[in-house]
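Here the structure comes first, spelled out in structure tokens, and everything after it is commentary.
In my numbering, the protein residues as written are 21 to 101.
So this is what it looks like as structure tokens:
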């Protein structure tokens with residue numbers, strides 16, 4: 021349409037829709053925008069007001085690249101109460 025910027029619009033089954041202006045985009049950037057619309061849900065981003073607090077703390081610990089335990093054997097024991 022004359023006088024309007026070109027855009028790509030994604031309409032989702034959930035009823036949401038999202039559009040991206042593709043003015044001055046080259047064909048690769050347009051394909052990237054279409055792929056991004058295809059991989060998203062269409063919902064708007066919402067900010068969490070409060071931090072997430074868990075009643076059960078994680079027992080996994082912090083991962084570091086120095087934890088190379090893939091070659092170790094682990095004994096698994098099932099405990100029934």
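Glycine included, each C-beta is placed from N, C-alpha and C at the ideal position.
{"Asked": "Whole-Å CB distance - residue 34 paired with residue 61, under 8 Å assumed", "Found": "7 Å"}
{"Asked": "Counterpart residues of residue 37 in DSSP-defined beta bridges", "Found": "31"}
{"Asked": "For residue 121, the nearest candidate out of 66, 26, 59 and 65 (CA to CA)", "Found": "Nothing about residue 121 can be reported from this structure: the residues present for the chain run from 21 to 101 only."}
{"Asked": "DSSP three-state assignment for residue 48, whether helix, strand or coil", "Found": "helix"}
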